[in-house]
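Numbering (the working numbering), first residue to last: 2 to 128. To start, the structure itself, in structure tokens.
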Amino acid sequence: MIAISSVERQKVPKMGDGSIPFVEKVMEYAQEDGQFLPPYMDLDELNKDWEAIKGLMPLLRELQQVESNLNDTVMMAGSEAYIGALSYYNSVKYGAKLNVADAKVIHDDLKQRFLRAKYGSSDESNN
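Encoded structure:
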């Protein structure tokens, strides 16, 4: 496997799904009738690249699905954890208003998350 820079990634011509049938036909023609191969082109190297594509694309598709599912799982678990944390925070905030023992100390600590920065915004209005 190789790694390329973002600049290289922008510059290199890309073969999308729509180009696969074209490249496949070129490979068939080039192997059957090599008279049109440019003299600088190495058919064996071209074939190695094509075989790599055919072998790696299914793996890439599977990994992309795994990555997507992993992102979804992390997002949902994070959302559920945050909702639970907000519920606890709101309960502590209410307890602090009622002067319940220890609630003020906990609320003072947790409310730091929602204090407005000089140019930031607060999430507490939603809680």
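Beta carbons: idealized from backbone N, C-alpha and C, even for Gly.
Check                                                                                                                                        : Outcome
Helix, strand or coil for residue 4? Go by DSSP, reduced to three states.                                                                    : coil
Is the beta carbon of residue 53 closer than 7 angstroms to that of residue 44?                                                              : no
Alpha carbon to alpha carbon, what distance is there between residue 33 and residue 46?                                                      : 16 angstroms
Can you tell which of 72, 10 and 111 has its C-alpha closest to the C-alpha of residue 86?                                                   : 111
Kindly indicate the opening and closing residues of the alpha helix (DSSP H) around residue 106.                                             : 104-111
Would the beta-carbon of residue 93 fall within 7 angstroms of that of residue 104?                                                          : yes
What I want to know is whether the C-beta of residue 18 ends up closer than 6 angstroms to one or more non-hydrogen atoms of the ligand ADP. : Ligands in the displayed structure: none, and consequently the ligand ADP is not present.
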